[in-house]
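Engineer: According to the numbering used here, the stretch in the sequence shown is residues 51 to 276, in order.
We put the CB at the ideal spot given by N, CA and C, even for glycine.
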Amino acid sequence: AGEQKIALFVGPSGVGKTSTIAKLATHFGIVEQRSVALITMDTYRPAAVEHLRLYADVLGVELSVAASCDEAQAAIDRAREAELILIDTAGCNPYEPITAQRWRGLLNRGLPMEVHLVLAAGTRVPDLVVSTSQCVDVPSLRLLFTKLDETTGYGGIFEATHRTGIPLSYWGTGQRVPDDLMQAQVTRLGDLLLGGQVRTSGGGTKTAWETQAPSTLTPGNKTYSR
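The structure is reproduced here in structure tokens:
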């Protein structure tokens, strides 16, 4: 077993944070046979809790529901045997920074935590700029773009990474669990900008490149950091 890793997923509502966590939990829990724990701080949407609970039941792991950062810390303490802890959060309005306080209280607690800012690939560049600017001070920050299959304009991904220097972690390319998630690579971003396409959930021939299973969060492995 590797060293424990904690991943916190934050970002605007509707970008696919919960679905991304379901994909990662299924991949690491079933494909890689890792011990995974799930925590949700999204107590505002009962459907989000039930979504994760479904996958927790399939994986045979407990889902902890935390209404505050202190409750999330307690859930992390209880999951000390897990190799990977995935934490879902409620959607935050980038134009109302106060909403980020729901999860910022988990920072600076000495936890082995990566924070993944989840954004939809088709989001307007001005909105991406606002979202990333609200998080540039967050330690171990990664950018995770979803819904690449729902757009043909990928300039926002380049703009966000170029402006901030924040490393990419994963790309979401569809709704299939756990298949439609890939480790982000700068070379593939270049392919997209030059007219490449991602594969769709139907698994058709539109893809310009297939993917290997996600590995960025593998416990014990270090990822690129600023």
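#1: Which residue wins for smallest C-alpha separation from V180, given the options H212, P147, E121?
#2: Could you round the C-beta distance between D177 and P144 to whole angstroms and report it? I think they count as a contact, below 8 Å.
#3: If you compare alpha carbons, which of R238, G205, R192 is closest to V60?
#4: Out of curiosity, what's the CA-to-CA distance linking T196 and V65?
#5: Sort out for me which residues DSSP pairs R192 with in a bridge.
#6: Looking only at its chain, what residues have a beta carbon closer than 6 Å to the beta carbon of T201, apart from the 5 residues adjacent to it on each side?
#7: With a Cβ-Cβ cutoff of 7 Å, do I6 and M163 count as a contact?
#8: With burial defined as no fewer than 16 other Cβ atoms inside 10 Å of the residue's Cβ, what is the status of Q54: buried or exposed?
#9: What beta strand (DSSP E) runs, 3 residues minimum, are completely inside the segment 97-134?
#10: On the DSSP letters alone, give me the boundaries of the alpha helix (DSSP H) that G222 sits inside.
#11: Across the segment 93-107 and the segment 127-134, are there enough close Cβ pairs to call them in contact, namely three or more that are closer than 8 Å?
#12: Flag this pair as yes or no: are the beta carbons of T223 and T182 separated by less than 7 Å?
#13: For the ligand ADP, is there any heavy atom lying closer than 6 Å to the beta carbon of T201?
#14: L198 to E209, Cα distance in whole Å?
#15: Going by beta carbon distance, what residues of the same chain come within less than 6 Å of T93, once the five residues before and after it are set aside?
#16: For the alpha helix (DSSP H) that contains V227, what are its first and last residues?
Structural biologist: Answer, in terms of the structure:
#1: P147
#2: 7 Å
#3: R192
#4: Approximately 7 Å, taken between the alpha carbons.
#5: H166
#6: Taken in chain order, the residues that qualify are A171, G172.
#7: Here the chain has residues from 51 to 276 only, and residue 6 is not among them.
#8: buried
#9: 113-115
#10: First-last for G222: 218-222, but that is the beta strand (DSSP E), not the alpha helix (DSSP H).
#11: Contact between the segment 93-107 and the segment 127-134 is absent, with fewer than three C-beta pairs closer than 8 Å.
#12: no
#13: Inclusion of the ligand ADP in the displayed structure is not the case, the ligand content being empty and no account of it being possible.
#14: 15 Å
#15: A117
#16: Note, V227: premise wrong, no alpha helix (DSSP H); not H, not E.
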